[in-house]
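Protein sequences, first through last, are from chains A and B.
Each residue of the first sequence is one higher than the last, beginning at 1279 in the numbering used here.
Each residue of the second sequence is one higher than the last, beginning at 3 in the numbering used here.
Just so you know, even glycine gets a beta-carbon here, dropped at the ideal spot from N, CA and C.
For reference, the structure discussed in these notes is given below.
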Amino acid sequence: MASDTPDSGDGVDYRFTLANERTFLAWVRTALALLAGAVAVLHLLPLEWADGSRTAVGLVLAGLAGVITIYAPLRWFRVQRIMSRGDTLRMSLLPVVTTLAVAAIVVLILLGNLL
Amino acid sequence: MSGPVDRDPGLQPERTLMSWQRTLILMVLVGLLFMRGSLVPETTHIPEPSMPIRATMMAMSIIMAGLLALHVQLRWRRCGHGTRDPESGRPPLNVATPWAMVTVSATVFVLSVVLVVGTVLAV
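Listed below in structure tokens is the structure:
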């Protein structure tokens, strides 16, 4: 690569498309981790919780994993298209949603154990 | 590999390949976790999915991870370790094909749907 901006032919820098692919994979790993947490809460750990809260926490984790796996490829494709057009990227809401959901569950579990 | 190779200075393709490997290893682990019963033996108050469902989930994640790993590995070799796409002759834009990305998302999506549906039906 002699030039400063390696070009892959259609005007897209392959370093950015690879970074986009890695972001996609990071989302998939996030979904898998949430799924592992859901399986642990629902089926593996004999927690001293009411059945309702166990089911609710498990469903939120598994549901969030499902939403992320739909979002991840769509976001990958959208970013790919925006990069080939040279447009500006728009912010996404899902990182905030994921953070808030996980934080809410952490607070619930902490309060449940303390009270 | 022998001789000097024209590589990306930031090793971007290699990093992406390792990202795929991490993801697929995690997929196998989550599949095995589905198979696992309660962490404390002889507890009866945890709902447990039936054996065929657990075995299917485990088999699906291991088989899909194996196929995707094979795809990524073959494509990695065909693209000269991420240096040139056989079609364009330039560095490939992606380590895996877009279809592999759809497949990995779909597999994880099916895992989470089975978990949600199984839990809702058991309530």
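How about residue i: is its C-beta nearer than 7 Å to some C-beta of chain A?
i, result
"GLU50 (chain B)", "yes"
"THR132 (chain B)", "Nothing about residue 132 (chain B) can be reported from this structure: the residues present for chain B run from 3 to 125 only."
"SER21 (chain B)", "yes"
"GLN75 (chain B)", "no"
"PRO88 (chain B)", "no"
"THR105 (chain B)", "no"
Between residue i and the rest of its own chain, which residues show a CB-CB distance below 8 Å, the 5 nearest in sequence each way excluded?
i, result
"LEU1386 (chain A)", "SER1331 and VAL1335"
"VAL116 (chain B)", "ILE55 and MET59"
"THR1333 (chain A)", "LEU1320"
Give a yes or no on whether 7 Å exceeds the smallest Cβ distance from residue i to chain B.
i, result
"PHE1302 (chain A)", "yes"
"ALA1328 (chain A)", "no"
"LEU1371 (chain A)", "no"
"ARG1353 (chain A)", "no"
"LEU1322 (chain A)", "yes"
"TRP1363 (chain A)", "Reading off the sequence, residue 1363 (chain A) comes out as Arg, not Trp. Chain B contact via Cβ: absent."
"LEU1296 (chain A)", "yes"
What distance in whole Å lies between the Cβ atoms of residue j and residue i, which are believed to be in contact at a cut-off of 8 Å?
i, j, result
"ALA1340 (chain A)", "VAL1306 (chain A)", "15 Å between Cβ atoms; not a contact."
"PRO49 (chain B)", "LEU1320 (chain A)", "7 Å"
"GLY1 (chain B)", "LEU19 (chain B)", "Limits of chain B in this structure are 3 at one end and 125 at the other, which puts residue 1 (chain B) out of reach."
"VAL1357 (chain A)", "LEU1367 (chain A)", "7 Å"
"VAL110 (chain B)", "LEU1310 (chain A)", "6 Å"
Pick helix, strand or coil for residue i, following the three-state DSSP scheme.
i, result
"MET1369 (chain A)", "coil"
"ASP1329 (chain A)", "helix"
"ASN96 (chain B)", "coil"
"ARG1359 (chain A)", "helix"
"THR85 (chain B)", "coil"
"GLY12 (chain B)", "coil"
"SER114 (chain B)", "helix"
"SER52 (chain B)", "coil"
Starting from the C-beta of residue i, find all residues in its chain whose C-beta is less than 6 Å away, skip the five residues before and the five after it, and write them out in chain order.
i, result
"VAL74 (chain B)", "TRP22 and ALA98"
"VAL1290 (chain A)", "MET1361 and SER1362"
"PRO51 (chain B)", "GLY120"
"GLY33 (chain B)", "MET60, SER63 and ILE64"
Leaving out the 5 sequence neighbours to the left and right, which residues in its chain are closer than 7 Å to residue i when beta-carbon positions are compared?
i, result
"ALA124 (chain B)", "PRO49"
"ARG9 (chain B)", "THR85"
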